[in-house]
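Everything on this sheet refers to the single structure shown next.
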Amino acid sequence: MSSPLNDSHLHIIEKAIADIQFGEVQIAIQNGKIVQINRLEKHRFSHKPETVTNKIIIK
């Protein structure tokens, strides 16, 4: 059985992993060969409440 990976596959997988901060890289295989590579990227947002400073200036 030949290797299911070639340089093109490795390059795409490495790029998919390097380009995301949070997420998944899925590799679909049929008959021992890679047929599809999916990248799911998640974006994280901060949910910190904003602090509002009320200043009263009396002159």
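Residue numbers for the sequence shown follow this note's numbering, beginning at 378 and rising by one. Glycine included, C-beta positions come from ideal geometry on N, C-alpha and C. These figures come from a predicted structure and were not determined experimentally.
Pull up the DSSP beta-bridge partners for E401, would you. Your numbering for residue 401 matches position 24 in the sequence shown. Paired residue(s): L417.
Can you give me the C-alpha to C-alpha distance between K410 and E391, rounded to a whole angstrom? Position 33 of the sequence shown holds residue 410. Position 14 of the sequence shown holds residue 391. The alpha-carbon atoms of K410 and E391 are separated by roughly 17 Å.
Cβ-based burial, A395 [other Cβ within 10 Å; buried from 16]: Residue mapping note: residue 395 aligns to position 18 of the sequence shown, counting from 1. That one is exposed.
Taking C-alpha atoms, which residue in N408, Q407 and N415 lies nearest to I389? Residue 389 sits at position 12 when you count from the first residue of the sequence shown. Ranking the options by Cα distance to I389, first place goes to N415.
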